[in-house]
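Here is the structure we will look at.
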Amino acid sequence: MKQLNLNFTLIHKGFVLLRRLSFMALFVLLMVGCGSRNADNLSADDHHFAAFYADYLARSGVTDKGRAAPWTDLTPAGLDTLFVRHKLDQKTFDARLNAYSRDPELWRKVLLEVRRNLGQERP
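Under the numbering used here, the sequence shown has 10 at position 10, and the numbering climbs by one with no breaks.
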């Protein structure tokens, strides 16, 4: 009878261990999921810059897959039009470039947003 009780205890301990491991796995998955969502958040300025840069690249003949369309020369007037269209001024543009030069990870995220924007501009 004690042997049966011992086996029941081992099985019970196994279930308790399995339950604890499942809770720990769930916790880890939640932490990873929440962390990855927060890591990709960009500020409104970053989104404006990404939209501007994607528009600039598209007008210059760059596509989302790296295939170059016929190259067109963007004039200073055309560049000014892009600044106005995206509600961006030279001071903000320079400040964003400075921030991206100090934070390569942020620049990578902005470039991913640019790639998404280029993908959405397909005819």
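Ideal placement from N, C-alpha and C gives every residue a C-beta, glycine not left out.
Every value quoted in this text rests on a predicted model; they were computed, and no experiment measured them.
Please report the residue range of the alpha helix (DSSP H) in which residue 81 lies.
Your numbering for residue 81 matches position 81 in the sequence shown. Segment 76-85, the alpha helix (DSSP H) holding residue 81.
Taking all protein chains shown into account, do 16 or more other C-beta atoms lie within 10 angstroms of the C-beta of residue 54, making it buried, or fewer, making it exposed?
For the purposes of this step, residue 54 is identified with residue 54 of the sequence shown, where counting begins at 1. The Cβ neighbour count for residue 54, taken over all protein chains shown within 10 Å, is at least 16; the residue is labelled buried.
Assuming contact is defined by CB atoms lying nearer than 7 Å, are residue 82 and residue 56 in contact in what I supplied?
Within the sequence shown, numbered from 1, the residue matching residue 82 stands at position 82. Within the sequence shown, numbered from 1, the residue matching residue 56 stands at position 56. Yes, the Cβ-Cβ distance between residue 82 and residue 56 is below 7 Å.
Near residue 49, which residues of its chain fall below 6 Å by C-beta distance, leaving aside the five closest residues on each side in sequence?
Translated into positions along the sequence shown, residue 49 becomes position 49. Counting only Cβ-Cβ distances below 6 Å, and skipping sequence neighbours, we find 96.
Would you list the one or two residues that DSSP bridges to residue 110?
As a working note, residue 110 is residue 110 in the sequence shown. According to DSSP, which records beta bridges pairwise, residue 110 is partnered with nothing at all.
Whose C-beta lies closer than 8 Å to the C-beta of residue 90 among residues of the same chain, with five residues either side of it excluded?
The residue given as residue 90 occupies position 90 in the sequence shown. Counting only Cβ-Cβ distances below 8 Å, and skipping sequence neighbours, we find 83.
Note down, in chain order, each residue of its chain lying with its Cβ closer than 7 Å to the Cβ of residue 52, except the 5 sequence neighbours on either side.
For the purposes of this step, residue 52 is taken as residue 52 along the sequence shown, with counting starting at 1. Once the five neighbours on either side are set aside, the close Cβ partners of residue 52 are 82, 86 and 88.
Beta-carbon proximity of residue 114 to residue 46, cut-off 7 Å:
As a working mapping, residue 114 is identified with position 114 in the sequence shown. As a working mapping, residue 46 is identified with position 46 in the sequence shown. No, they are not a contact pair.
First through last residue of the alpha helix (DSSP H) which encompasses residue 55
Against the sequence shown, residue 55 aligns to sequence position 55. Counting along the chain, the alpha helix (DSSP H) containing residue 55 begins and ends at 44-59.
Excluding sequence positions up to five away, which residues of its chain have a Cβ less than 7 Å from the Cβ of residue 107?
Translated into the one-based positions of the sequence shown, residue 107 becomes position 107. Once the five neighbours on either side are set aside, the close Cβ partners of residue 107 are 100.
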